[in-house]
Structures are given as C-alpha cells and as structure tokens.
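Note that the numbering used here gives residue 64 to position 2 of the sequence shown, counting from 1, and the numbers run on in steps of one. No residue lacks a Cβ here, since even glycine has one placed at the ideal position from N, Cα and C.
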Amino acid sequence: MLPGFLASLKGRVLRLASFILGGFLILSLSLLDNPCASASLIPAGKPHAIPAFARKYSMPCSSCHEAWPKLSPFGQQFKDNGYQMGNERDTPIYQSPSY
Numbered sequence: 063m064l065p066g067f068l069a070s071l072k073g074r075v076l077r078l079a080s081f082i083l084g085g086f087l088i089l090s091l092s093l094l095d096n097p098c099a100s101a102s103l104i105p106a107g108k109p110h111a112i113p114a115f116a117r118k119y120s121m122p123c124s125s126c127h128e129a130w131p132k133l134s135p136f137g138q139q140f141k142d143n144g145y146q147m148g149n150e151r152d153t154p155i156y157q158s159p160s161y
C-alpha cells in the first residue's frame with residue numbers, strides 16, 4: 063500500500079511543480095511584453111537616502127549631480143578629493159567638538 067501512495071504523492075508533487083513553473087513562465091513572458099506592467103509590480107517604498115553632503119556643506123544635490131547618478135565636473139572633483147572640500151567643515155573638530 064505504501065509504494066502506491068508514494069507514487070500517487072510523487073505524481074501530485076510533479077503536477078503542482080509544473081503548474082507553478084508554468085505560471086511563472088506565463089507571468090515572465092507577459093512582463094517582458096509589457097514593461098509598464100513589470101514596473102507596477104515593484105512596490106514603491108520610501109527612499110532611504112541620507113543627504114549627508116547637503117547637511118554638511120549646505121548645498122543641494124544638484125551641485126554634484128547633473129542627472130543621477132551622473133556627476134557634474136564639481137561632483138567628480140569632490141569624489142576624487144576623497145569626498146572633502148578642503149574647508150573648515152572637513153576638520154575633525156568641526157565634526158565633533160569633543161575631539
């Protein structure tokens with residue numbers, strides 16, 4: 063009795079697996095056909111960016127970025143300089159008075 067039950071169970075598992083894989087195949091093909099549908103499936107969440115540069119130097123993001131992630135010439139120079147402007151705000155005492 064047990065071998066017949068296992069064969070029946072194996073058949074059910076295979077049918078379920080093929081059903082799930084077929085569903086994923088249909089879903090992926092429909093998303094490839096319609097890029098707007100794929101964008102609607104991605105939930106929009108809150109951005110978690112920390113504007114540390116803007117707070118530290120009192121400058122907008124557009125001073126370094128032309129169109130994210132492309133850097134402006136000033137932004138590239140700032141990156142090449144180790145993300146420091148070389149003014150008093152980069153000193154450890156300005157950042158932490160207890161230093």
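Which term fits residue i, buried or exposed, when burial requires 16 or more other beta carbons within 10 angstroms of its beta carbon?
i	result
residue 140	buried
Grab the span of the alpha helix (DSSP H) containing residue i for me, first residue to last.
i	result
residue 137	135-142
residue 119	114-119
Taking residue i and residue j to be in contact with their CB atoms under 8 Å, please state how far apart those CB atoms are, rounded to whole angstroms.
i	j	result
residue 134	residue 123	Going by Cβ atoms, the distance from residue 134 to residue 123 rounds to 10 Å, so no, they are not a contact pair.
Between which two residues does the beta strand (DSSP E) holding residue i run?
i	result
residue 128	127-129
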